[in-house]
Each structure stands twice: as structure tokens, then as C-alpha cells.
């Protein structure tokens, strides 16, 4: 299994909703990442987990809450989002936190109304 | 810290023509570089990578790139493009320093292949 999966593929939520994005990989990678990508822009790093511990938080607002329950799973909990949070959310993983290649999932297209 | 610059925001080309997408990097430490492709409404797919060794790197879908240390470049090339190569391409490298695990991306190049 050489892929990263993400669910759901699309998500529409209101500003008062609570929802979660899920990411899974079975490549034995010990580093996992959340990115946010706006249209026509490169991905922006949000969070990095290494060995299930939060390693990097790029000053992301607290309405985004990451969680890494085990080495294969990564969640992003969403609460009280704003319309400007609408974007493609990408999950990625890499063998270790060594700056080597990252493998990306297909993304979740989030729309906040 | 390393930075990556993609010199062209858009590259239009006709089918079966050759193409070059340009990427320059700046780094004072050992370098590794990647090219990713993103098709509409999809995630990023790794096209090829330079970690060490041979400076000519071959990737998927007939793409190749050459790591040039003297010119600090890592340009992506394909000798004959197809309509299906229409996508956005990102050059990326490690941010370096204490930003372990952080990739820095170029701004992207949209390749449009016309029939």
C-alpha cells in the first residue's frame, strides 16, 4: 500500500459546525503533515507530527485542532471556521522527519458557508 | 534556509513539442529537490527527486530534471508533451535550518498543452 487516503473528498460546513478531516497511510511513515492550499497557490504547511507528537505548528488558529491517534492516522478537527478557511486540505506523510520526499493524499475540498 | 523560485507562472505549449519548466534554488547546505505535479482538484504527485548522485534524474511520465549546482537550478524537461500533461507543477525542497520536516515550494507553473 503506497498511498495516502483522505476522507471526506468534499465537505460543506457552516460557521457553527464541528467537523473532522481524516487521513490514513499504511506505508510505515512516522511523519505526517497537514497543508492548506488556496487556488493557484502552493500548499502552506499547517502542522507536522513526528512519532505521533506535534513537531511543528505554523501559528495556525485554534479553530483548527490536529490529532494523531496512532502512527497511521491523522485527524484535523474543525470548529467555528470562517469563509476564508475554504480551501483544499492536503495530508502528507514521509518516512521520517528528515526533509525527504513527502507523499500526498488527494485532499479534502472544504467550503465554509 | 533554502528558498525555491519557479521562473514561469504559466507555460503554454503545443502537443508533441518539448517543454522546460524552470526552477532555481538557494541553499548553503546540502540539497535535495523535488518536482510535484498537481492535476485539477487532486493532491500532489511526486514526479521525481534529486537526493544525491547522478545529476540527471528521470521520473514518471517521461519527465526528467537536471540538478545544476553551479547555476543553482533544477529544471524539469520533457521532450514531447501530451494533452494529459496539462497540470500545475511545483518545485520543492527542504526549508532547512531548524525547520526539519518543512518543505518550501515554488509558486507553481501551470503547463497548458494545446492540440
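Protein chains in written order, with our numbering: chain A, 1 to 113; chain B, 1001 to 1115. Each residue gets a CB set at the ideal place from its N, CA and C atoms; glycine is no exception. This structure is a prediction, so every number in the text was calculated from the model and none was measured.
Kindly indicate the opening and closing residues of the beta strand (DSSP E) around residue i.
i, result
"residue 1067 of chain B", "1064-1068"
"residue 1087 of chain B", "1087-1094"
"residue 1110 of chain B", "1109-1114"
"residue 1025 of chain B", "1023-1026"
"residue 46 of chain A", "44-50"
"residue 1038 of chain B", "1033-1038"
"residue 1015 of chain B", "Neither: residue 1015 of chain B is in no beta strand (DSSP E) and is coded neither H nor E."
"residue 32 of chain A", "31-37"
"residue 66 of chain A", "64-70"
"residue 1075 of chain B", "1073-1078"
Does residue i come within less than 8 angstroms of chain A when only Cβ atoms are used?
i, result
"residue 1068 of chain B", "no"
"residue 1108 of chain B", "yes"
"residue 1058 of chain B", "no"
"residue 1032 of chain B", "yes"
"residue 1103 of chain B", "yes"
"residue 1063 of chain B", "no"
Is residue i buried or exposed, if buried means 16 or more other CB atoms sit within 10 Å of its CB?
i, result
"residue 50 of chain A", "buried"
"residue 29 of chain A", "buried"
"residue 1039 of chain B", "exposed"
"residue 18 of chain A", "exposed"
"residue 1081 of chain B", "buried"
"residue 56 of chain A", "buried"
"residue 1055 of chain B", "exposed"
"residue 36 of chain A", "buried"
"residue 39 of chain A", "exposed"
"residue 12 of chain A", "exposed"
"residue 1109 of chain B", "buried"
"residue 45 of chain A", "buried"
"residue 1051 of chain B", "exposed"
Please report whether the beta-carbon of residue i lies at a distance below 8 angstroms from any beta-carbon of chain B.
i, result
"residue 102 of chain A", "yes"
"residue 72 of chain A", "no"
"residue 90 of chain A", "yes"
"residue 69 of chain A", "no"
"residue 83 of chain A", "no"
Hey, residue i and residue j are a contact pair by Cβ (cut 8 angstroms); roughly how many whole angstroms apart?
i, j, result
"residue 111 of chain A", "residue 9 of chain A", "The pair is not a contact, with the Cβ atoms about 12 angstroms apart (cut-off 8 angstroms)."
"residue 102 of chain A", "residue 87 of chain A", "18 angstroms between Cβ atoms; not a contact."
"residue 1012 of chain B", "residue 1079 of chain B", "Not a contact, Cβ separation roughly 17 angstroms."
"residue 1010 of chain B", "residue 1112 of chain B", "7 angstroms"
"residue 1046 of chain B", "residue 1034 of chain B", "6 angstroms"
"residue 15 of chain A", "residue 74 of chain A", "Actually they do not touch by this definition, with Cβ atoms about 24 angstroms apart."
"residue 948 of chain B", "residue 1083 of chain B", "Any property of residue 948 of chain B remains undetermined from this structure, which presents chain B solely from 1001 to 1115."
Does any residue of chain D bring its CB to less than 8 angstroms from the CB of residue i?
i, result
"residue 66 of chain A", "Going by chain labels, chain D is absent from the structure shown, which instead holds the protein chains A and B."
**Residues from the segment 9-40 of chain A in contact with chain B, defined by Cβ distance under 8 angstroms** = Residues 31, 33 and 40.
**Asked** If contact means a Cβ-Cβ distance below 7 angstroms, which residues of the segment 40-64 of chain A contact chain B?
**Response** Residues 42, 43, 45, 48, 50, 55 and 56.
**chain A contacts made by the segment 1040-1053 of chain B, where a contact means CB separation under 9 angstroms** = From the segment 1040-1053 of chain B, only 1041, 1042, 1043, 1044, 1045, 1046, 1049 and 1051 have a Cβ closer than 9 angstroms to chain A.
**Prompt:** Which residues, in chain order, does the segment 1071-1096 of chain B contribute to contact with chain A at a C-beta distance below 7 angstroms?
**Reply:** Taking 7 angstroms as the upper bound on Cβ-Cβ separation, chain A lies near residues 1090 and 1094 of the segment 1071-1096 of chain B.
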